[in-house]
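Trainee: Handing you this structure, nothing more for now.
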Ligand SMILES: Cc1cc2nc3c(=O)[nH]c(=O)nc-3n(C[C@H](O)[C@H](O)[C@H](O)COP(=O)(O)OP(=O)(O)OC[C@H]3O[C@@H](n4cnc5c(N)ncnc54)[C@H](O)[C@@H]3O)c2cc1C
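Okay, structure coming up:
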């Protein structure tokens with residue numbers, strides 16, 4: 006199925022919705038001129054259309070497999086990876102001192118959006134490397150930076166993040182992997198990690214694992230976790246991949262989707278590792294990679310929103326079925342009101358989810374440049390963008406199947422793959438439930454100051470727009486429910502957290518649509534009207550649910566649930 010890189014859409018969003026000009030005005034991003042960004046996005050888009058998109062079905066049908074302890078990737082993945090690496094797609098935002106392009110995260114976000122739509126399983130590999138580069142740039146010693154960063158930014162080596170263990174999923178603090186000091190400044194890492202994306206491959210010279218582990222006598226919980234860099238092959242004196250480290254891929258998971266991406270059970274048996282950051286402060290260092298990945302996974306949702314929508318629109322314009330009740334139709338199913346409803350919903354959600362991801366990316370860029378208010382804004386937006394983006398990926402993929410009718414359920418159209426591939430995005434990088442708890446917990450720990458600042462800005466902006474009255478009203482509802490949650494004890498807040506997050510996202514989405522309507526043509530205005538009339542009202546029901554807190558949730562006993 007052909008994929009079309011949405012370059013013009015990015016240009017519109019960057020200029021009129023995400024406010025990218027504020028990022029481009031930061032001296033350190035002086036290189037990010039419209040011409041440079043356009044050239045980079047066009048070249049990345051070409052690679053996505055011509056090289057990556059044809060690999061998507063290949064990886065689905067011929068998954069990565071384990072052969073004598075070595076991961077063999079699907080045919081063509083090595084070439085696809087090389088094309089991405091040569092175009093600098095692993096290191097767009099890495100520092101030029103380390104071989105990166107030094108461009109804003111907002112630009113990386115556009116590129117990841119296209120690569121994920123073209124071949125999500127392979128893009129997952131570069132996402133891991135992008136996150137690891139950022140974590141090392143912030144937390145690693147100068148020696149580690151000098152040795153590893155140039156090889157990661159060039160794409161010669163790739164990366165993983167190792168948090169999860171069988172007993173430590175959402176509760177990372179329960180991990181038991183051990184790190185013993187070796188007496189020479191290095192450590193010996195022992196333990197098992199599960200679900201490790203791209204734990205191995207057959208196209209990079211080395212795989213660099215970032216592993217969370219506990220030092221002897223470390224405090225319990227997350228305060229006793231340290232972060233270690235553990236290479237598959239230990240670099241020799243010349244920095245070339247040397248002897249094999251004491252680690253292996255034990256097995257690969259058989260998954261619902263993302264078949265091209267090897268999801269590995271990793272065994273570390275006294276593997277040589279180097280501390281990154283301070284002892285017992287590993288979570289802080291890993292959070293740099295995790296926050297990067299949260300935006301990256303939000304974008305997985307956006308990617309699939311776009312890919313599913315492109316496929317559904319193309320099918321609906323072609324498929325003839327039934328007699329339309331409108332004058333002058335095309336004769337295809339696109340004439341039917343219910344098919345139009347589905348396509349409009351897909352387009353409206355895709356726009357809002359993409360705008361939210363770019364809005365977050367701009368706030369991250371401005372925050373990194375020293376704007377504390379934008380950093381606080383980014384902290385609030387991160388869980389919302391991750392959960393909303395991924396839920397919309399799942400939703401649009403499902404609607405896309407429906408638009409295709411029976412053919413949607415048949416694998417050869419490729420649209421069922423979108424639904425299978427994107428499902429995990431709501432689970433990994435912190436489940437969407439954990440994101441919602443983060444929003445009403447840690448992100449309200451300031452008493453709601455940052456959240457209220459965001460709501461005030463949304464309300465003021467909506468109030469200045471001719472179509473904004475219902476959005477103003479919903480922003481006021483959001484403020485009220487925020488106050489209600491702040492007054493609740495924590496478990497009650499958690500009980501209302503998911504509907505609160507989704508209602509919050511609805512208000513944000515409406516404001517992005519208003520911005521587009523103000524700057525764009527009649528079609529932008531029509532899509533905004535659709536969103537405000539049909540999707541924004543959902544927020545009212547969501548806020549009513551959020552106000553319930555945990556009330557009633559424990560009224561059935563575990564025995565009642567099992568009955
Ligand atoms: C394909 C794939 C790739 C992955 N890649 C990686 C990777 O590269 N590196 C890595 O480290 N991990 C990776 N993971 C692991 C992933 O991050 C975890 O699966 C995820 O964090 C959830 O942990 P869990 O599976 O143990 O579920 P659990 O933590 O057991 O959660 C089960 C359910 O309970 C809920 N829950 C759990 N605790 C709470 C709580 N305190 N309050 C409310 N609800 C709660 C969850 O939201 C969820 O709905 C990957 C997983 C998959 C499937």
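Residue numbers (our numbering): 6 to 568.
Glycine residues also receive a C-beta, built at the ideal position from the N, C-alpha and C atoms.
Model, not experiment: these values are computed from the prediction.
How many angstroms separate the CA atom of residue 84 from the CA atom of residue 157?
Mentor: Going from the Cα of residue 84 to the Cα of residue 157 covers about 17 Å.
Trainee: What are the start and end residues of the beta strand (DSSP E) that includes residue 379?
Mentor: Residue 379 -> not in any beta strand (DSSP E); alpha helix (DSSP H) instead, spanning 377 to 408.
Trainee: Could you check if residue 203 belongs to the surroundings of ligand 1, using beta carbon to heavy atom distance under 8 Å?
Mentor: Checking every heavy atom of ligand 1 against the Cβ of residue 203, one is found closer than 8 Å.
Trainee: In the DSSP assignment, the alpha helix (DSSP H) including residue 150 goes from what residue to what residue?
Mentor: Segment 147 to 158, the alpha helix (DSSP H) holding residue 150.
Trainee: What does a CB cutoff of less than 6 Å around residue 313 pick up in its chain, not counting 5 residues either side in sequence?
Mentor: Here the set comprises 401, 402, 405 and 423.
Trainee: If you follow the beta strand (DSSP E) that residue 197 is part of, which residue opens it and which one closes it?
Mentor: Residues 192 to 202.
Trainee: Confirm, please, whether the CB-CB distance from residue 265 to residue 121 is below 9 Å.
Mentor: For residue 121 and residue 265, no; Cβs fall outside 9 Å.
Trainee: Since residue 385 contacts residue 325 with CB under 8 Å, what's their CB separation in whole angstroms?
Mentor: Contact doesn't hold; Cβ gap of about 47 Å is too wide.
Trainee: Pick helix, strand or coil for residue 142, following the three-state DSSP scheme.
Mentor: Of the three classes helix, strand and coil, the one that applies to residue 142 here is helix, per DSSP.
Trainee: Excluding the 5 residues flanking residue 4 on each side, which residues of the same chain have their C-beta closer than 8 Å to its C-beta?
Mentor: Because the chain is modelled from 6 through 568, residue 4 falls outside the range shown and cannot be assessed.
Trainee: Taking 9 Å as the cut-off, decide whether the C-beta atoms of residue 393 and residue 430 are in contact.
Mentor: Result no, Cβ atoms of residue 393 and residue 430 do not sit closer than 9 Å.
Trainee: Within this structure, are the beta carbons of residue 58 and residue 7 separated by less than 9 Å?
Mentor: Yes, these two residues count as a Cβ contact at 9 Å.
Trainee: Buried or exposed: which applies to residue 135, given that a residue is buried once 16 or more other Cβ atoms fall within 10 Å of its Cβ?
Mentor: Its Cβ being crowded by 16 or more others within 10 Å, residue 135 is buried.
Trainee: Pick from 522, 352, 511 and 294: whose alpha carbon is nearest that of residue 133?
Mentor: Nearest of 522, 352, 511 and 294 to residue 133, Cα basis: 294.
Trainee: Can you determine whether any heavy atom of ligand 1 sits closer than 8 Å to the C-beta of residue 288, and answer yes or no?
Mentor: The answer is no for residue 288.
Trainee: If you count every other CB in all the chains shown that lies within 10 Å of the CB of residue 545, and 16 or more means buried, which is it?
Mentor: Residue 545 is exposed by the Cβ-count criterion.
Trainee: Does ligand 1 have a heavy atom nearer than 8 Å to the CB of residue 165?
Mentor: Result yes, Cβ under 8 Å from ligand 1.
Trainee: Using three-state DSSP, classify residue 38 as helix, strand or coil.
Mentor: Three-state DSSP puts residue 38 in coil, outside helix and strand.
Trainee: Check whether the segment 259 to 274 and the segment 102 to 114 touch, using three or more Cβ-Cβ pairs below 8 Å as the test.
Mentor: Touching, no.
Trainee: How far does the beta strand (DSSP E) with residue 167 in it reach, from first residue to last?
Mentor: Counting along the chain, the beta strand (DSSP E) containing residue 167 begins and ends at 162 to 167.
Trainee: Taking 8 Å as the cut-off, is the beta-carbon of residue 131 closer than that to any non-hydrogen atom of ligand 1?
Mentor: Result no, Cβ not under 8 Å from ligand 1.
Trainee: From the DSSP output, in three-state form, read off residue 466 for me.
Mentor: In the structure shown, residue 466 sits in a helix (DSSP, three-state: H, G or I).
Trainee: Does ligand 1 have a heavy atom nearer than 8 Å to the CB of residue 495?
Mentor: Not so, every heavy atom of ligand 1 lies at least 8 Å from the Cβ.
Trainee: Would a C-beta distance cut-off of 9 Å place residue 319 and residue 23 closer than the cut-off?
Mentor: In this structure, residue 23 does not lie closer than 9 Å to residue 319 by Cβ.
Trainee: Sorry if obvious, but does the Cβ on residue 432 come closer than 8 Å to a heavy atom of ligand 1?
Mentor: Yes, the beta carbon of residue 432 sits closer than 8 Å to at least one heavy atom of ligand 1.
Trainee: Which term fits residue 495, buried or exposed, when burial requires 16 or more other beta carbons within 10 angstroms of its beta carbon?
Mentor: The residue in question, residue 495, is exposed, as its Cβ has fewer than 16 Cβ neighbours within 10 Å.
Trainee: With DSSP as the reference, label residue 271 as helix, strand or coil.
Mentor: In the structure shown, residue 271 sits in a strand (DSSP, three-state: E or B).
Trainee: Count the other C-beta atoms from every protein chain shown that fall within 10 angstroms of the C-beta of residue 471, then say buried if there are 16 or more, exposed otherwise.
Mentor: Its Cβ having fewer than 16 others within 10 Å, residue 471 is exposed.
Trainee: State the DSSP-derived secondary structure class of residue 12, mapped to helix, strand or coil.
Mentor: Correct three-state label for residue 12: helix.
Trainee: Kindly list the residues whose CB is nearer than 7 Å to the CB of residue 284, restricted to its own chain and excluding five residues on each side of it in sequence; keep chain order.
Mentor: Excluding sequence neighbours, residue 284 sits near 220 and 231.
Trainee: Put residue 328 into one of helix, strand or coil per three-state DSSP.
Mentor: Residue 328: coil per DSSP, three-state reduction.
Trainee: When the Cα of residue 267 is compared with those of 173, 18, 139 and 201, which residue comes out closest?
Mentor: Here the closest residue by C-alpha is 201.
Trainee: Under a three-way DSSP split, which group does residue 77 fall into?
Mentor: Strand.
Trainee: Along the alpha helix (DSSP H) that carries residue 99, what are the first and last residues, could you check?
Mentor: It is not in any alpha helix (DSSP H) - residue 99 carries neither H nor E in the DSSP assignment.
Trainee: Would you kindly work out how many angstroms separate the C-alpha atoms of residue 238 and residue 368, rounded to a whole number?
Mentor: Each residue's Cα considered, the two are about 37 Å apart.
Trainee: With a cut-off of 8 Å on the beta carbons, I'd call residue 409 and residue 420 a contact; round off their distance for me.
Mentor: Contact flag correct, Cβ pair sits at about 6 Å.
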